[in-house]
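Protein chains: 2
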Amino acid sequence: MRTPSGRSVTSKVLALLDAFTPTEPTLTLTELARRAGLSLPTAYRRAAELVAWGALERGADGRYRVGLRLWEVGSLAPRGLGLRELALPIMEDLYEVTHENVQLAVRENLELVFIERIAGRHAVPVLTRVGGRFALHATGVGLVLLAFAPAEVQEQVLAAPLERYTERTVVDPRRLRRILADVRRVGYATSDRQVTMDALSVAAPIRGPSDTVLAAISLVVAHDRADPVALAPLVQAAGRAISRALGPSFGPAG
Amino acid sequence: MRTPSGRSVTSKVLALLDAFTPTEPTLTLTELARRAGLSLPTAYRRAAELVAWGALERGADGRYRVGLRLWEVGSLAPRGLGLRELALPIMEDLYEVTHENVQLAVRENLELVFIERIAGRHAVPVLTRVGGRFALHATGVGLVLLAFAPAEVQEQVLAAPLERYTERTVVDPRRLRRILADVRRVGYATSDRQVTMDALSVAAPIRGPSDTVLAAISLVVAHDRADPVALAPLVQAAGRAISRALGPSFGPAG
């Protein structure tokens with residue numbers, strides 16, 4: 088069903104949800120309408136339907152924010168909270184024996200999304216946010232997810248300009264291609280000061296029932312006390328333990 | 088915009104999201120259509136739009152499930168992941184000093200939703216699921232959320248039949264009303280074997296910037312080694328620490 092503007096109602100509803108970002112989690116009606124590309128009356132009418140269902144909430148200050156009901160439905164995503172619930176005990180074990188940062192991520196198109204992190208209190212600071220996105224070519228988890236992604240995903244990432252986060256970030260597609268081949272061969276990835284100059288991460292794949300790589304787990308440690316070769320078996324064992332815990336709802340996307 | 092069936096397109100889209108439950112996180116098209124009350128062609132068309140955006144994903148087996156993009160947007164709900172991120176360090180402290188189960192919940196209409204839990208490995212087993220719902224009248228967190236809810240919410244809960252989980256669950260509205268008055272007076276709630284016969288929980292409120300109770304935190308311990316009076320200050324202090332951490336996006340709903 089198309090509206091006079093030519094956009095489907097579904098797309099307008101989804102545009103309202105798309106308007107919220109981690110840095111601006113609450114919006115006025117005017118901001119909401121502008122970001123969704125809707126007129127004020129249309130935005131108001133659709134937002135009212137979303138508030139009635141609980142997908143949005145409206146504060147006493149009149150500002151809109153994402154509602155708890157949407158968080159509840161989102162919590163049913165197998166690749167989100169489902170994965171996190173199965174992975175958390177194993178992540179906690181990894182944290183207990185290392186007291187370093189432990190991260191869990193999945194690939195969403197050409198980026199990664201952090202599903203969970205345990206931040207060591209005395210470990211090297213990391214800026215990841217659960218639900219936050221990051222490029223695939225620099226972090227340990229990103230390199231694992233990219234190394235095991237379909238060829239067309241790799242080609243798209245390698246064809247686009249690669250952002251340089253530090254002087255050690257690999258931005259040369261040919262060198263990155265060799266690194267990805269190494270990751271597939273050894274079964275883990277190392278990112279040494281490629282995101283920040285104080286951190287090193289070691290990441291390993293998490294595989295679903297059909298052996299597809301569905302997620303990646305990593306330890307992020309201060310680079311000057313890190314021994315990637317010693318950390319790798321620990322991270323790989325955790326990755327395998329989580330893989331074993333995954334049920335059939337984690338089958339590959341079609 | 089109404090469709091020939093008289094239901095708005097928005098309501099049909101939301102009905103598709105409503106179809107998924109914790110016990111059935113993946114659905115065939117036929118199941119999806121039936122649960123959403125839509126014809127197969129309509130369900131297929133709307134679901135395709137949701138898959139394109141990422142709100143749903145379709146597995147290699149053809150089954151639909153909630154998509155990672157919806158989890159990402161849901162993670163922006165201040166009362167969901169936002170609250171959890173601020174509360175987690177304090178919940179971890181409470182866990183470190185007790186090694187008991189720690190739970191965090193908010194009220195959604197006439198029920199509570201668990202936002203986070205840390206499960207003690209050797210603590211009494213609890214069956215709560217992050218994102219899961221429960222009645223307000225039996226658990227510690229529920230009694231806190233009910234005690235500080237608006238009067239009309241209390242009246243609705245007290246007027247409906249109250250489910251009895253154990254022989255100790257309070258299902259008499261008059262007695263429950265007195266318990267709620269006590270919770271408000273002492274500033275914490277105790278649920279002693281009112282949910283399962285082996286567990287006792289002690290819960291305290293978490294208040295937003297305007298002093299409204301926005302959430303509740305609890306310790307759940309084996310009832311035979313519990314001293315509620317000793318646990319209460321610990322839980323209350325944690326509730327106050329989280330209250331202090333909450334920013335303006337946690338203002339009360341309008």
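So the protein sequences, as listed, match chains A and B. Counting from 1 along the first sequence, just add 87 to a position and that's the residue number in the numbering used here. Counting from 1 along the second sequence, just add 87 to a position and that's the residue number in the numbering used here. Just so it is clear, CB atoms sit at the ideal spot from N, CA and C, and this is done for glycine as well.
Residues bridged to GLU144 (chain A) (per DSSP): As a working note, residue 144 (chain A) is residue 57 in the first sequence. DSSP lists A:ARG152 as the beta-bridge partner residues of GLU144 (chain A).
Close beta carbons around VAL138 (chain B), own chain, < 8 angstroms, minus the five adjacent residues each side: Here residue 138 (chain B) refers to the residue found at position 51 of the second sequence. Same-chain partners within the cutoff: GLU144, ARG145, TYR151 and GLY154.
Distance, ALA164 (chain A) Cα to ALA134 (chain B) Cα: What you label residue 134 (chain B) is simply residue 47 of the second sequence in a count that begins at 1. What you label residue 164 (chain A) is simply residue 77 of the first sequence in a count that begins at 1. If I take the Cα positions, the gap works out to 15 angstroms.
N-terminal and C-terminal residue of the alpha helix (DSSP H) that ARG312 (chain B) is part of: Sequence index remark: in the second sequence, residue 312 (chain B) carries index 225 (1-based). First-last for ARG312 (chain B): undefined, no H or E at that position.
Short CB-CB distance (under 8 angstroms) between GLU172 (chain B) and chain A: By 1-based counting over the second sequence, the position of residue 172 (chain B) is 85. With its beta carbon less than 8 angstroms from one in chain A, GLU172 (chain B) belongs to the interface.
Segment contact, 8 angstroms Cβ cut-off, at least three pairs: the segment 106 to 115 of chain A with the segment 101 to 113 of chain B: no
Identity of the residue in B:ALA328, B:ASP279, B:ALA324 and B:VAL308 nearest LEU230 (chain B) by Cα: Within the second sequence, numbered from 1, the residue matching residue 230 (chain B) stands at position 143. Nearest to LEU230 (chain B) by alpha-carbon distance, out of B:ALA328, B:ASP279, B:ALA324 and B:VAL308, is B:ASP279.
contact_flag[the segment 177 to 187 of chain A, the segment 171 to 190 of chain B] where n(CB pairs < 8 angstroms) is 3 or more: no
Per-residue contacts from GLY124 (chain A) into chain B (C-beta, under 7 angstroms): Translated into positions along the first sequence, residue 124 (chain A) becomes position 37. Per Cβ cutoff of 7 angstroms: no residues; GLY124 (chain A) is ~15 angstroms from chain B at best.
PHE337 (chain B) vs PRO296 (chain B) beta-carbon contact at 8 angstroms: Residue numbering aside, residue 337 (chain B) sits at position 250 when the second sequence is read from its first letter. Residue numbering aside, residue 296 (chain B) sits at position 209 when the second sequence is read from its first letter. The answer is yes: Cβ separation under 8 angstroms.
LEU223 (chain A) and LEU232 (chain A) closer than 8 angstroms at C-beta: Locating residue 223 (chain A) in the first sequence gives position 136, counting from the first residue. Locating residue 232 (chain A) in the first sequence gives position 145, counting from the first residue. Yes.
Candidates B:TYR252, B:PRO248 and B:THR253, of which the one nearest ASP259 (chain B) by Cα: Locating residue 259 (chain B) in the second sequence gives position 172, where the first residue counts as 1. In this structure, B:PRO248 is the residue among B:TYR252, B:PRO248 and B:THR253 with its C-alpha nearest to the C-alpha of ASP259 (chain B).
Burial state of VAL193 (chain B), where buried means 16 or more other Cβ atoms lie within 10 Å: Counting from one through the second sequence, the residue named residue 193 (chain B) turns up at place 106. Taking a 10 Å sphere around the C-beta of VAL193 (chain B), we find 16 or more other C-beta atoms and assign the residue as buried.
Under 8 angstroms between C-beta atoms of VAL289 (chain A) and VAL322 (chain A): The sequence position of residue 289 (chain A) within the first sequence is 202, counting from 1. The sequence position of residue 322 (chain A) within the first sequence is 235, counting from 1. It is a contact, given that the beta carbons lie within the stated cut-off.
Through-space distance from GLY218 (chain B) to VAL200 (chain B), alpha-carbon basis: Walking along the second sequence from the start, residue 200 (chain B) turns up at place 113. Walking along the second sequence from the start, residue 218 (chain B) turns up at place 131. Distance between the alpha carbons of VAL200 (chain B) and GLY218 (chain B) is about 6 angstroms.
Collapsed DSSP secondary structure at THR277 (chain B) in the structure displayed: On the second sequence, position 190 is the one that residue 277 (chain B) refers to. Note: THR277 (chain B) maps to strand in three-state DSSP.
Residues sharing a beta bridge with ALA292 (chain B), DSSP: As a working mapping, residue 292 (chain B) is identified with position 205 in the second sequence. Checking the displayed sequence, the identity of residue 292 (chain B) turns out to be Pro instead of Ala. In the DSSP output, where bridge partners are listed per residue, PRO292 (chain B) has B:ALA303.
Test: GLU203 (chain B) CB closer than 8 angstroms to a CB of chain A: What you label residue 203 (chain B) is simply residue 116 of the second sequence in a count that begins at 1. Not one chain A Cβ lies under 8 angstroms of GLU203 (chain B).
Beta-carbon spacing of ALA313 (chain B), LEU287 (chain B) below 8 angstroms: The residue you call residue 313 (chain B) lines up with position 226 of the second sequence. The residue you call residue 287 (chain B) lines up with position 200 of the second sequence. Taking 8 angstroms as the Cβ cut-off, ALA313 (chain B) and LEU287 (chain B) qualify as a contacting pair.
Residue-level contact to chain D via CB, ARG152 (chain A), 8 angstroms cutoff: Going by chain labels, chain D is absent from the structure shown, which instead holds the protein chains A and B.
Among A:GLN241, A:ALA102, A:ARG156 and A:PHE221, the one whose alpha carbon lies nearest that of GLY124 (chain A): Looking up residue 124 (chain A) in the first sequence gives position 37. If we check each option's Cα against that of GLY124 (chain A), A:ALA102 comes out closest.
Within-8 angstroms CB hit, PHE107 (chain B) to chain A: Numbered from its first residue, the second sequence carries residue 107 (chain B) at position 20. With 8 angstroms as the cut-off, PHE107 (chain B) counts as an interface residue toward chain A.
Whole-angstrom distance between ARG122 (chain B) and GLU195 (chain A), CA atom to CA atom: Translated into positions along the first sequence, residue 195 (chain A) becomes position 108. Translated into positions along the second sequence, residue 122 (chain B) becomes position 35. GLU195 (chain A) and ARG122 (chain B): Cα-Cα distance of roughly 28 angstroms.
Contiguous beta strand (DSSP E) assignments of at least 3 residues, all confined to the segment 100 to 148 of chain B: 143 to 145
Residues of the segment 310 to 334 of chain A whose Cβ lies closer than 8 angstroms to any Cβ of chain B, in chain order: none
Under 7 angstroms by beta carbon: chain A residues contacting VAL364 (chain B): Within the shown structure, residues of chain B are numbered from 88 to 341, placing residue 364 (chain B) beyond reach of any answer.
Neighbour flag for GLU118 (chain A) against chain B, beta carbons, 8 angstroms: Taking the first residue of the first sequence as position 1, residue 118 (chain A) is located at position 31. Contact with chain B is absent for GLU118 (chain A), since none of that chain's Cβ atoms lies less than 8 angstroms from the residue's Cβ.
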